Amino acid sequence: MFNGEKYQQLKDWALTFSVCILCVVITEALRMFHAPDELLCCLYILGVVLISYWVQGYIYGAAASLLLAISYFYFISAPAMSLAKLNPYHLLTTAVMLVISLLISSVTSRLKTAEMQARRREEKSQVLYHLTKDLAGVSSLDEVVNLTLVNISKTFRTDCRLLFFDEEGIPEKQFVLYEKGVFNRGVPTDMNRTFEEYQGQKPEAGYFITPTQYEWPFYTPQGRVFGAIAIPATNAQNFLSQDFRTINTMIETAAIVIDKIILENRQEESRIVLSQERYKTNLLRSISHDLRTPLAGITGTCEILMEMLPDNSKEHELASSIAKETNWLFTMVQNVLSLTRLQNGQVDMKKEVMVVEDVVNSAVETMQLRLPDRPLEVIVPDDVLAAQMDSALIKQVLINLIDNANKYSKGHTPIELKVKEAEDGQFVEISVADHGIGLSDAAIEKVFNMFYTTKSNAPGALRGFGLGLPICQSIMKAHGGSIHAANRSDGTNGAVFTISLPKYKLPAAL
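Quick note: to get this note's numbering, add 701 to the position in the sequence shown (first position is 1).
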């Protein structure tokens, strides 16, 4: 069965031979009425002109010129239907007619080709104009997809499809198919395909060719692929070079609009998240401020009652319990206020160059007074390491980490603090390690979330607020550093929290 292109070629050849035969028949009929040779020659040349005008392609006009020149030579120029008594002028006349026919065929074919190209350029310009005009007013991704696929389908009379990729360059599980004027948005993507060719440089021609389709990927200004449009190979194979230029321009225009809308959607999502975070922070701060006054009043009343009541009485025990719970709530409120101030950048940090070992030792001395029964081991390098920091805030971070390690450690196992220079030489790392039960994978992911706590089986362990580690994280971010949690890597149980501070390069000693 013939495809469209072969069928058209067959029609063109049939028309060419039909016109040639018709010219021969007409001239023979006129010759019977003694028509002059000049008229018959003009009829042959007219046949060449008609074929060149009706049929696209120079080859058909050239073939008609040759066939009609031979016919003129055999039927008209030489002795009719005889090669006897040939005259050189007969051959010359036929040759001149052939040259004239070829020239006319060539000029006519070129004029027709130029006309068709001009008409195609006009059509493509109108398509690009309307596509650009339509895309200028859209605000949703679905509208862009619809307009782009519909315009491509109408312009090139083909089915087409569009696939999106996420920020990691992984294709979505479904793509949009526009087929026979109907949209199908749930066509499954071949997830076995890696699309590795998309991750390199943009193809020079603008498209990739697969056994089944031609694919036009489009990229962000940073070079990340975020989508691709495909056309069946059976249709794209018939495109002219001008068609490829047109579709490249159409897809680039659509890609710019799609990238713009995706960016705007992400910005809007970020704005909503930021607004929600700001609302949550303001709410926490307002509640904390309102709670501090009554909590202070309750604490004061409990202290007065405890002074008025006998130490061993049940009433004294109840007042002491109330005071203890109130102090716990008051500390939580203070932590909430500290955290909201840090997150809003309202803490006035006083950074100065400090020797890291001195700050660590200061935190250890403070905690040794609070935890006399807990061994605290400090390991420092031989070289002096310094960092620019607010020493009071970094000390508070270390105190929180030591207190946290104490809470989740059993018995009198030591808590180890180690100071070292990071492998890249740009940061100073301080780690606090315990010998507790360690952290689960879920805890490592959530331990810096507000109000997240884990249960401790250590004797005398106190309830946690779930705010100490988020406060530590906010302080480290304000210093341009970081904090992360992990389990011990030396084969023993326990958690390790490591903070990193940008290293300060001390001047060389004189």
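Where a beta carbon is used, it is the ideal one built from N, C-alpha and C, also for glycine. Fair warning: this is a prediction, and the values are worked out from it, not measured in the lab.
Beta-bridge pairing by DSSP links CYS861 to TYR879. With fewer than three CB-CB distances shorter than 8 Å, the region 1142-1152 does not count as touching the region 1068-1087. Per DSSP, VAL756 lies in no beta strand (DSSP E) and is assigned neither H nor E. The C-beta separation of VAL756 from LEU716 comes to about 6 Å, placing the pair in contact by the 8 Å criterion.
Here the alpha carbon of GLU1122 sits roughly 23 Å from the alpha carbon of LYS1051. Within the same chain, and ignoring the five residues on either side of MET1177 in sequence, the residues whose Cβ sits closer than 6 Å to its Cβ are SER1183, ILE1184 and ILE1200. The count of Cβ pairs closer than 8 Å, one atom from the region 879-890 and one from the region 936-956, stays below three, leaving the stretches out of contact. With respect to the C-alpha of VAL958, the residue from ILE973, ALA931 and PRO922 having the closest C-alpha is PRO922.
Judged by DSSP secondary structure, GLY928 falls outside any alpha helix (DSSP H) and instead within the beta strand (DSSP E) spanning 926-933. Here LEU1118 is actually not in contact with ALA1196; their C-beta atoms are around 14 Å apart, not less than 8 Å. Per the coordinates, the alpha-carbon of GLY1181 lies some 24 Å from the alpha-carbon of ASN983. In the three-state scheme derived from DSSP, where H, G and I count as helix and E and B as strand, LYS834 is classed as helix.
Rounded to the nearest whole angstrom, the CA to CA distance from THR1000 to ILE1023 is 8 Å.
GLU1058 is positioned such that its CB atom lies no closer than 9 Å to that of VAL1034. Boundaries of the alpha helix (DSSP H) harbouring GLN1069: 1057-1071, taken from the DSSP string. The Cβ atoms of SER772 and SER806 lie no closer than 9 Å to each other.
For a cut-off of 8 Å, the C-beta gap from TYR879 to ASP860 is around 6 Å, short enough to register as a contact. Shown here, THR1199 sits in a strand according to DSSP, grouped into three states. Here DSSP, grouped into helix, strand and coil, assigns PRO889 to strand.
By the 16-neighbour rule on beta-carbons within 10 angstroms, LYS903 is exposed. Within the same chain, and ignoring the five residues on either side of CYS1173 in sequence, the residues whose Cβ sits closer than 7 Å to its Cβ are VAL1098, ASN1101, LEU1102 and ILE1184. The Cβ-Cβ distance between GLN914 and PRO889 does not fall below 9 Å. Take ASP1074, set aside five residues on each side of it, and the residues of its chain with a beta-carbon closer than 8 Å to its own are HIS1113, in chain order.
For ILE1116, the enclosing beta strand (DSSP E) starts and ends at 1116-1122. Here GLY748 is buried: its Cβ has 16 or more other Cβ atoms, across all protein chains shown, within 10 Å.
Per DSSP, the continuous beta strand (DSSP E) segment holding GLN1089 begins and ends at 1087-1090. The three-state secondary structure of PRO872, taken from DSSP, is strand. Residue PHE876 holds the alpha-carbon nearest to the alpha-carbon of VAL846 among ASP891, GLN938, PHE876 and VAL1060. Separation of the CB atoms of GLU916 and PHE909 is rounded to 5 Å, and the pair is thereby assigned contact status at 8 Å. Fewer than three pairs of CB atoms, one per stretch, sit closer than 8 Å, so the region 960-978 makes no contact with the region 936-948. Looking at the backbone, the Cα of GLU1026 and that of CYS1003 are separated by about 11 Å. In this structure, the beta-carbon distance from ASP1135 to TYR1109 falls below 9 Å. Secondary structure of VAL1081 (DSSP, three-state): coil. In this structure, DSSP gives VAL808 a helical state, which the three-state scheme calls helix. Residue burial annotation: LEU850 is buried, with at least 16 other C-beta atoms found within 10 angstroms of its C-beta.
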